[in-house]
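In the working numbering, the protein residues as written are 5 to 93.
Cβ coordinates follow ideal geometry from the N, Cα and C atoms, glycine included.
Below you'll find the structure, written out as structure tokens, and then a few comments.
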């Protein structure tokens, strides 16, 4: 149990699967709460293939998106990890 002044949150990440259902579900969650979502960073690891692309949500956004990004939705106390790249060994 967190102590006084500490914050707790649930981490949600997609499972890599056939048809990218997990990734699509995370995209739906992020779009559903787009007003409350804050991108807080990204994850980098040798097993993640480096990928950079345009916004998967809007063609009007001039921002680059990476293969593994971390978002927070404070209202839901939820940390979301979106993986858009392949994992290697």
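The beta carbons of residue 44 and residue 75 sit about 7 Å from each other, so the pair counts as a contact at 8 Å. Look at the region 26-66 and you find these whole runs of beta strand (DSSP E), each 3 residues long or longer: 41-46. Contact annotation, residue 89 with residue 65: C-beta distance approximately 19 Å; criterion of less than 8 Å not satisfied. Pairing residue 60 with residue 46 gives a Cβ-Cβ distance that is not under 8 Å. Looking at 86, 63, 80, the one whose alpha-carbon comes closest to that of residue 71 is 86.
In the displayed model, residue 20 falls within coil according to three-state DSSP, outside both helix and strand. Between the alpha carbons of residue 78 and residue 16 lies a distance of about 13 Å. In this structure, residue 12 lies near residue 81, with their beta-carbon atoms less than 8 Å apart.
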